[in-house]
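Residue numbers (my numbering), protein chains in the order written: chain A, 1 to 149; chain B, 1001 to 1082. All residues carry an ideal CB built from backbone N, CA and C; glycine is no exception. To keep things clear, I will list the structure first and then write my remarks on it.
Right, dumping it as structure tokens:
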């Protein structure tokens, strides 16, 4: 069974991995973790604030998982996205895709992250000691999604 | 009656998280025109070259989509999660 969660708390990769191992016919597991990068290396006060559209986010992520299941033979998907204030090195997103076979686990992981980047209503604001700026969507993310057409 | 939600940068620029509109614009395009007519930040953000997205009842929408009575409409910048 899939696990799709949006939460402020950090996730425990070991616990989530153990869960994924027990879901159906598992021959391959791919784990993706997105983290907060060093926004302003000279500053100690860098962090990000993650906002989302409660309700719509859950729908978009569930729909994305359904589409991945329709496209690949997957045993389960775990998708956990954090919100709120996060600082350098903190985890942002965990995606575990498991499948009987390696290729499906790899490809579906990329597919889900590509579409999460363009479709899921999350917004990041970068905060340093001197400024706070809402992150702009990258052109490269829109191009990545088109490659799945 | 229409509920409008604003997120992220637009929420800050408009200093508004949500509002209730008594009017019932037929389409997203009509709604945006009504908001742009307020001038100022509304015109700058929604009436020019800046990119924004609209969702109706939590589904992504296009400018020509019809807005059902009592809908929840959200207006927000392109997303940046992950």
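| Query | Result |
| --- | --- |
| Within chain B, partners of residue 116 of chain A - CB distance below 8 Å | 1081 and 1082 |
| CA-to-CA distance, residue 1031 of chain B to residue 1115 of chain B, given in whole angstroms | Look at the range of chain B in this structure, 1001 to 1082, and you will see that residue 1115 of chain B is not part of it. |
| CA nearest to the CA of residue 1048 of chain B, picked from B:1008, B:1037, B:1055 and B:1058 | B:1037 |
| Cβ contact (3+ pairs, closer than 8 Å) linking the region 67-85 of chain A and the region 46-56 of chain A | yes |
| Three-pair Cβ contact test at 8 Å for the region 116-136 of chain A versus the region 1002-1013 of chain B | yes |
| Residue 123 of chain A classed as buried or exposed, judged by whether at least 16 other C-beta atoms fall within 10 angstroms | buried |
| Assigned secondary structure, residue 1042 of chain B (DSSP; H/G/I helix, E/B strand, else coil) | helix |
| Pairwise C-alpha distance: residue 64 of chain A and residue 75 of chain A | 15 Å |
| Cβ-Cβ distance between residue 1075 of chain B and residue 1006 of chain B below 7 Å | yes |
| Residue 1008 of chain B at chain A interface by Cβ criterion, 7 Å | yes |
| Every unbroken alpha helix (DSSP H) inside the region 74-120 of chain A [4 residues or more] | 102-119 |
| 8 Å Cβ cut-off: residues of chain A touching residue 1017 of chain B | Per Cβ cutoff of 8 Å: no residues; residue 1017 of chain B is ~11 Å from chain A at best. |
| Residues within the region 86-105 of chain A neighbouring chain B, beta-carbon criterion of under 8 Å | 92 and 93 |
| Candidates A:105, A:37 and A:66, of which the one nearest residue 26 of chain A by Cα | A:105 |
| Supposed contact pair residue 96 of chain A and residue 31 of chain A - C-beta distance, whole angstroms, cut 8 Å | 5 Å |
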